[in-house]
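Have a look at the structure below, then the notes.
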Amino acid sequence: MSTFGVLISNRSFFPDHLVLTAREKLLRCLDDMGHRVITLSTEDTFMGQTMTREEAKKCAALFRSHGEELDGILVCLPNFGEETAIADAIADSGLNIPVLVQACNDDFDKLQLENRRDAFCGKLSCCNNLYQRGIKYSLTARHTTDIGSPEFQADIQWFSRVCAVVKALRHARIAQIGARVMPFRTVRYSEKLLQRSGITVETEDFSEILADIEAINDEAAVQKKVEEIRAYADVIPGIGEEKLIRQAKLCMAIESWMEDHECQASAIQCWDSVEANYGCAMCLCMSMMGQKGLPSACETDVVGAVSMLALRHASGGGYPLYQDWNNNYQDQQDKCINVHCSNYPAAVFAEKPQMGNLDILATTLGTDVSFGALKGRVRPSRMTYLKASTDEFTGRIKCYLGEGEFTDDPLDTFGGVAVCHVPELNGLMRHLAKNGYEHHVALVQDGCADVLEEALGNYMGWDVYRHS
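Plus 423 on top of the position in the sequence shown (first one is 1) and you've got this note's numbering.
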C-alpha cells in the first residue's frame, strides 16, 4: 500500500466541525484501506489544518522531511479551502510526486451557514493555483465525493496505483542482457530518452553470464533450483537431467546478476546466441523471474520491459506477459491471435504450463539446444495492453494503451497462445502501423488503462494514445 502526505485545508469563516469530522473520517478510511499517512497533527496546527502562510510552511517542512517515504499527496477540501496555502505547501515541499485533489459533497438539506461547505467551488480555485505553480495533479472521478464512500475508496485505490507506477518508473533499473538480435531493428531505442524519465538501463554482454555459469560450483543449490523448475511446469517426456541442470545454472546466474545490479525488469537476447553457445532456450528463466515480480521481455526489447514494469504496478502486482500481435482470428475484425514461444509467467496460463522445446527456432537450431519454452493457453480474463516506444525524431517517449479480453475461443496452434478481443482492433492496428510501433506488446490480466493513462501522460509526460 501507499504512504500519503495528507493536506487538510480550511477557510476561516466556514464551520470548524466540518474540518474535524472530515479529518477523522479521512484518516480512518485510509488506515482501514491499509495506507500510511503523514499529516499535520492537531498539536502542529489548529485542527491539523493548512490555511495560513505559517501553516503552509509547517506542512511543507513535514512533507519534505518524509520525502523519501511519500508516494503521493492527498489534498482534502472539507470546505472551500485556502488555495494559496495548499499550493504554497506543495510547492515549498520541493516534492515532485502525484497529487490528488478531493472535495467533499454538500448536504442538500444543510446549506445554511452552520453546515455549508462550498468545496465544489473551492476545488476549482485549488486546481487553478496548482496549475499556475506548474504542479501536476489528479482528480477524483466525481467532482465532489463523500469520504469513505465506495466511489472515494475506488479513487484512492486508483491514485495509489498511479503513484506506484510513477515511483517505479522514475527509479527504474532495467537490465539489457545480450546484444540486440541483428535482424531485430524494431527494438532499437534511446537510452537517453529513458534516462530523462528516470529509467536507467544496465547492460551486460552475454559472455559475462556464461562466465558466471562456469563459476557455479554449489551442487546443492543447483539441485534445489532443478526441483524448483520441476515444480514450476510439466516437463515433456524424454528430457534428460543434464538439460534441467543447464537451465538451473542459467537461472541462477541471471537471477544473481539481477540482484547484484538492483534491476526490477529485464530485456534479454533470447535467440540465438544462448542456444548456440550454451545449449538451451532462455524462456524458462525469464518466465520464473516474471513469476517472482521481475518482468522480462524477449529479444532485448528494453522499452517492452519498461512497459511490463508499468503494467505490473498499474495492476497492483499482476503478472505481465509479452506477446506478438500475430494473426487475424478467422474473419472476426475485433479478435486476433497473440503468441510467443513463450516466457509467460506460470500464473497467466489456464493450466500448469508445459515445458518443452522452442517450436519455430528448433526447426533451424535443432531440438538439442532448444529446451526451455513454456507452452499453454492464456486463461480467459480481462486484460490491459501497453507498449511504449522512444521516438528519437521527436525527442519524446510515446505509448499506446487500452483494454480488452483474453477469450476462450477455439485455437489450434503452438507455443504460448491467446485469442484477444479488442474493440475497434483494426483502428488500433492502423494506429500502430501509421506511427511506427513495434509488433511486440505487453499485457496484464487486469483492467488498469485509467491508471496508466494518468501515470504515463500526466506525470511521466509521455505522449499517450488511449484506444477505445
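Think of the CB as a built atom: it goes at the ideal place given N, C-alpha and C, for glycine as much as any other residue.
Burial state of Gln753, where buried means 16 or more other Cβ atoms lie within 10 Å: Start at 1 with the first residue of the sequence shown, and residue 753 comes out as number 330. Exposed is the call here.
Gln599 burial status per 10 Å Cβ neighbour count (16 or more: buried): The residue labelled residue 599 in the question sits at position 176 within the sequence shown. Answer is buried; the Cβ neighbour count reaches 16.
Buried versus exposed, by CB contacts within 10 Å (16 or more), Glu857: Numbered from its first residue, the sequence shown carries residue 857 at position 434. What sits at residue 857 in the sequence shown is Lys, not Glu. Lys857 is exposed by the Cβ-count criterion.
Between the CA atoms of Gly740 and Leu443 - distance to the nearest angstrom: In the sequence shown, residue 443 corresponds to position 20, counting from 1. In the sequence shown, residue 740 corresponds to position 317, counting from 1. Looking at the two C-alpha atoms, the distance is approximately 35 Å.
Residue environment, Pro718, which counts as buried when at least 16 other CB atoms sit within 10 Å: Reading the sequence shown from its first residue, position 295 is the one you call residue 718. With 16 or more other Cβ atoms within 10 Å, it is buried.
Outcome for Gly495 when other beta-carbon atoms lying within 10 angstroms are tallied against a minimum of 16: Position 72 of the sequence shown, counted from the start, is the residue given in the question as residue 495. Burial call: buried.
Helix, strand or coil at Tyr882 [DSSP, three-state]: The residue labelled residue 882 in the question sits at position 459 within the sequence shown. Tyr882: helix per DSSP, three-state reduction.
CB of Leu797 within 9 Å of CB of Ser710, strictly: By 1-based counting over the sequence shown, the position of residue 797 is 374. By 1-based counting over the sequence shown, the position of residue 710 is 287. In this structure, Ser710 lies closer than 9 Å to Leu797 by Cβ.
For Ile668, the first and last residue of its enclosing alpha helix (DSSP H): On the sequence shown, position 245 is the one that residue 668 refers to. Element bounds for Ile668: Glu664 to Asp683.
Residue from Met681, Val725, Trp748 and Asp695 with nearest C-alpha to Lys715: The residue given as residue 715 occupies position 292 in the sequence shown. Residue Met681 is the option with its Cα nearest to Lys715.
Limits of the beta strand (DSSP E) - the one that Tyr823 falls within: Numbered from its first residue, the sequence shown carries residue 823 at position 400. Start and end: Arg819 to Thr830.
Met470, enclosing alpha helix (DSSP H) - first and last residue: Taking the sequence shown and counting its residues from 1, the one referred to as residue 470 is at position 47. Segment: none, Met470 is in no alpha helix (DSSP H) and carries neither H nor E.
Opposing strand residues paired with Ala598 [DSSP bridges]: Along the sequence shown, one-based indexing puts residue 598 at 175. Note: Ala598 sits in a beta bridge opposite Glu625 and Ser689.
Cα-Cα separation between Lys590 and Thr790, rounded to whole angstroms: As a position in the sequence shown, residue 590 is number 167, starting the count at 1. As a position in the sequence shown, residue 790 is number 367, starting the count at 1. Each residue's Cα considered, the two are about 43 Å apart.
Run of the beta strand (DSSP E) containing Trp748, from where it starts to where it stops: Translated into positions along the sequence shown, residue 748 becomes position 325. Counting along the chain, the beta strand (DSSP E) containing Trp748 begins and ends at Leu744 to Tyr752.
Backbone secondary structure at Leu633 - three-state DSSP: For this step, residue 633 is matched to residue 210 along the sequence shown. In the structure shown, Leu633 sits in a helix (DSSP, three-state: H, G or I).
Sufficient close CB pairs (3 or more, under 8 Å) joining the segment 832-845 to the segment 628-646: no
For Leu430, the three-state DSSP class (helix, strand or coil): Locating residue 430 in the sequence shown gives position 7, where the first residue counts as 1. Correct three-state label for Leu430: strand.
Nearest-angstrom Cβ-Cβ length linking Leu809 and Ala733, presumed shorter than 8 Å: Locating residue 809 in the sequence shown gives position 386, counting from the first residue. Locating residue 733 in the sequence shown gives position 310, counting from the first residue. About 6 Å; that satisfies the 8 Å criterion.
Ser765 and Leu744 closer than 9 Å at C-beta: For the purposes of this step, residue 765 is taken as residue 342 along the sequence shown, with counting starting at 1. For the purposes of this step, residue 744 is taken as residue 321 along the sequence shown, with counting starting at 1. Against a cut-off of 9 Å, the Cβ pair of Leu744 and Ser765 comes out as a contact.
DSSP state of Lys480 mapped onto helix, strand, coil: Locating residue 480 in the sequence shown gives position 57, counting from the first residue. DSSP places Lys480 in helix when its eight states are reduced to three.
Contact between the segment 533-546 and the segment 560-578 (3+ Cβ pairs under 8 Å): yes
Cβ-heavy atom distance, Met470 to the ligand FAD, below 8 Å: You won't find the ligand FAD in this model; it holds no ligand whatsoever.
Straight-line Cα distance separating Gln580 from Pro846: Here the question's residue 846 lines up with position 423 in the sequence shown. Here the question's residue 580 lines up with position 157 in the sequence shown. Each residue's Cα considered, the two are about 26 Å apart.
Whole-angstrom C-beta distance between Leu463 and Lys480, which should lie under 8 Å: In the sequence shown, residue 480 corresponds to position 57, counting from 1. In the sequence shown, residue 463 corresponds to position 40, counting from 1. Going by Cβ atoms, the distance from Lys480 to Leu463 rounds to 11 Å, so no, they are not a contact pair.
Cutoff 6 Å; reference Glu815; Cβ partners in own chain excluding five residues on either side: The count along the sequence shown starts at 1 and reaches residue 815 at position 392. Excluding positions up to five away in sequence, the list reads Ser613.
Own chain, CB closer than 8 Å to Ala542, minus 5 neighbours either side, in chain order: Here residue 542 refers to the residue found at position 119 of the sequence shown. Hits under 8 Å: Leu500, Pro501, Asn502, Phe503, Gly504, Ala526, Cys527, Asn528, Asp529 and Thr567.
Counted within 10 angstroms of its Cβ, other Cβ atoms place Gln670 as buried (16 or more) or exposed: Counted from its first residue, the sequence shown places residue 670 at position 247. With 16 or more Cβ atoms within 10 Å of its Cβ, Gln670 is classed as buried.
C-beta atoms of Leu855 and Gly825 nearer than 9 Å: Counting from one through the sequence shown, the residue named residue 855 turns up at place 432. Counting from one through the sequence shown, the residue named residue 825 turns up at place 402. Not in contact: Leu855 and Gly825 (Cβ atoms no closer than 9 Å).
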